[in-house]
Amino acid sequence: MEGLEKITSLAKRRGFVYPGSEIYGGLSGFYDFGPLGVELKFNIKQAWWSEMVQMKDDIKGLSSAIIMNPKIWEASGHLSGFSDLLVECPKCHKRFKTEDLTKKGDSFVCPECDNTFQSKARQFNLMFKTFVGPAEDSVSAAYLRPETAGGIFVNFKNVLDTTRLKIPFGIAQIGKAFRNEINPKDFIFRTREFEQMELEYFVKPEEADRYFKEWVETRFDWYQTLGLKNIRKREQAKEERAHYSKATVDIEYQFPFGWQEIEGIANRSDFDLKAQMKFSGKDLNYFDEETKEKFVPYVIEPSAGVERIFFALLCEAYAEEQIAKNEKRIVLKLNPQLAPYKVAVFPLLANKPKLVELARSIYKNLKKDFAVAWDDRGNIGKRYFSQDEIGTVLAVTVDFQSLEDQTVTLRDRDTTKQIRTSTSELKEVIKKIINGEEFLKFGKLVK
Ligand code: ATP
1 MEGLEKITSL
11 AKRRGFVYPG
21 SEIYGGLSGF
31 YDFGPLGVEL
41 KFNIKQAWWS
51 EMVQMKDDIK
61 GLSSAIIMNP
71 KIWEASGHLS
81 GFSDLLVECP
91 KCHKRFKTED
101 LTKKGDSFVC
111 PECDNTFQSK
121 ARQFNLMFKT
131 FVGPAEDSVS
141 AAYLRPETAG
151 GIFVNFKNVL
161 DTTRLKIPFG
171 IAQIGKAFRN
181 EINPKDFIFR
191 TREFEQMELE
201 YFVKPEEADR
211 YFKEWVETRF
221 DWYQTLGLKN
231 IRKREQAKEE
241 RAHYSKATVD
251 IEYQFPFGWQ
261 EIEGIANRSD
271 FDLKAQMKFS
281 GKDLNYFDEE
291 TKEKFVPYVI
301 EPSAGVERIF
311 FALLCEAYAE
321 EQIAKNEKRI
331 VLKLNPQLAP
341 YKVAVFPLLA
351 NKPKLVELAR
361 SIYKNLKKDF
371 AVAWDDRGNI
381 GKRYFSQDEI
391 GTVLAVTVDF
401 QSLEDQTVTL
411 RDRDTTKQIR
421 TSTSELKEVI
431 KKIINGEEFL
441 KFGKLVK
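By my numbering, the letter at position 23 of the sequence shown is numbered 23, and the numbering carries on one by one without gaps.
Laid out in structure tokens, this is it:
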């Protein structure tokens with residue numbers, strides 16, 4: 001787990017992730033995202049939205065409320081069935097999910113204090129309860145959504161009525177979800193507040209199996225384009241699956257603590273629309289204009305967690321490299337599209353006003369198109385290393401030659417190679433590198 005510690009410490013030290021409410025000693029299961037973390041999160045969401053909504057004709061977006069009528073969760077089965085089996089160790093009083101404990105005959109073994117004990121497990125509902133309005137009574141009870149999907153099912157008719165979507169079609173949503181996890185752990189892997197990126201793709205029942213398989217492949221490919229290599233697909237056994245699922249395939253990443261789910265693709269059948277229809281009394285059938293048939297569609301759901309992808313990306317990108325005899329660097333080899341900063345701009349020396357002036361104007365100009373960092377402290381080598389550590393893709397250095405011929409050096413994060421390029425072409429060159437059309441290798445641009 002040494003690797004894990006290095007990543008969490010980098011995340012804190014450089015402003016990706018802070019423990020939540022830190023000055024009060026924290027709050028278990030909650031994290032805050034710092035200046036770089038918020039950029040990386042934003043870029044992950046942007047990449048998902050672009051792929052799943054902007055590039056698609058048959059998928060539209062939605063942003064529904066976090067707190068909704070509690071009937072939704074009664075209908076979906078979350079109120080009665082969204083629970084984990086909980087046991088408490090009588091010695092150290094720590095609480096665990098039974099599935100996280102090892103068993104010795106009829107007894108459990110506590111992973112905290114090694115106590116062997118017998119205990120009856122009890123069902124613990126994972127939804128956070130709150131009250132709407134001033135009275136704290138059962139009529140005003142409500143829940144923070146445990147998944148964003150609920151908001152999509154209850155807006156199924158609204159979206160159909162306000163668009164010209166025809167089956168098969170999808171509704172996508174990115175937003176916060178909350179689960180009162182018994183045992184939050186593994187940094188930002190299992191938290192109590194997190195962001196989901198979910199698609200509900202509605203299909204004819206007889207076509208559900210085909211679309212399910214297609215979505216599993218499409219989603220798996222997406223992770224590969226992000227740069228995640230240590231991934232695999234795993235089909236859930238029947239007893240593992242959520243109550244609404246007919247089939248589920250998890251996409252898993254090999255974290256330092258083992259293979260774990262980052263996205264689940266489920267065939268939720270017509271379970272949700274039928275349930276919401278029953279509880280609301282509203283007709284949520286789909287009417288097929290061509291066949292004049294009325295039916296409840298099946299739904300395929302790819303559901304991903306932003307923080308888990310974020311964490312997987314950090315694990316995959318983190319590298320320590322010996323680049324000279326006495327020189328080591330830490331580098332985050334993030335996909336350029338996801339990197340918090342695309343470029344850093346440096347004047348070679350901070351005490352030469354002409355260099356600073358030119359560097360400043362290049363910086364300002366690049367900022368119109370990219371996320372750009374500025375650094376004029378210490379020596380150039382240190383500045384490069386500092387940017388490598390946060391995954392900045394390129395570094396532009398303005399030196400004395402720049403004042404004479406309007407060229408700058410452009411350094412590549414992954415190879416540390418440099419080329420000279422004219423300031424007039426700089427934007428174009430950077431754009432091509434960020435978009436993956438060209439790479440900086442062996443000191444010159446190659447296609
Ligand atoms: P797990 O089995 O790990 O608890 P799950 O199967 O309950 O996860 P889903 O209900 O399928 O998770 O949720 C879809 C996605 O939401 C997950 O793949 C994950 O990326 C994210 N997610 C779920 N629970 C959490 C959590 N407690 N913290 C962070 N992300 C989560």
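We treat Cβ as the ideally placed atom computed from N, Cα and C, and that holds for glycine.
On a predicted model such as this, the values are computed, not experimentally measured, just so you know.
For P340, the closest alpha carbon among the candidates E5, G3, Q322 and R14 is that of R14.
Note that the C-beta distance between I300 and F212 is below 8 Å.
Counted as a single uninterrupted DSSP element, the alpha helix (DSSP H) harbouring S361 occupies residues P353 to K367.
Using a 10 angstroms sphere on the CB of S140, the tally of other CB atoms stays under 16, which defines it as exposed.
DSSP, reduced to helix, strand and coil, places D250 within a strand of the structure shown. Counting only residues of its own chain and dropping the five nearest sequence neighbours on each side, G26 has a CB closer than 8 Å to the CB of P19 and G20. In this structure, the beta-carbon distance from E316 to G227 falls below 8 Å. Taking 8 Å as the upper bound for CB-CB distance, G170 and Y201 are in contact here, some 4 Å apart.
For E39, the number of other beta carbons within 10 angstroms of its own is at least 16, and it is reported as buried.
Closer than 7 Å to some heavy atom of the ligand ATP: that does not describe the Cβ of G34. The C-alpha of A359 lies about 29 Å from the C-alpha of A11. Beta-bridge annotation (DSSP): G381 is not paired with any residue. Selection E261, E217 and W222 evaluated against Q236 yields E261 as nearest (Cα-Cα).
For I330, the distance from the CB to the nearest heavy atom of the ligand ATP is not below 7 Å.
For N43, the three-state secondary structure derived from DSSP is helix. In the structure shown, the three-state DSSP call for T8 is helix. Look at V393 here: in three-state DSSP terms it is coil, with no helix or strand label. When secondary structure is reduced to three states using DSSP, S64 falls in the coil class, being assigned neither helix nor strand. Rounded to whole angstroms, the separation of the alpha carbons of Q196 and L62 is 13 Å. Counted as a single uninterrupted DSSP element, the beta strand (DSSP E) harbouring Q123 occupies residues R122 to N125. With respect to L426, I380 sits apart: the two C-beta atoms are not nearer than 8 Å. Taken through DSSP and simplified to helix, strand or coil, G3 comes out as helix. Placement of the Cβ of F82 at a distance of 7 Å or more from every heavy atom of the ligand ATP is found. In this structure, N158 keeps its C-beta atom at 8 Å or more from the C-beta atom of F96.
The count of Cβ pairs closer than 8 Å, one atom from the region 240-250 and one from the region 321-336, stays below three, leaving the stretches out of contact.
Pairwise C-beta distances place the region 321-330 out of contact with the region 367-380, as fewer than three of them are shorter than 8 Å.
The nearest non-hydrogen atom of the ligand ATP is less than 7 Å from the C-beta of F194.
R411 and D58 have their C-alpha atoms spaced approximately 41 Å apart. Rounded to the nearest whole angstrom, the C-alpha separation of L4 and F33 is 18 Å. Positions of the beta strand (DSSP E) runs, each at least 3 residues long and wholly inside the region 171-232, are given as 193-203 in order along the chain. I434 sits away from D288, with the two beta carbons spaced by 8 Å or more. Straight-line measurement puts the Cα of F153 at about 16 Å from the Cα of T163.
In this structure, R234 has its beta carbon at no less than 7 Å from each heavy atom of the ligand ATP. Residue nearest to Y223 within the set Y253, R241 and L199 is Y253 (criterion: CA-CA distance).
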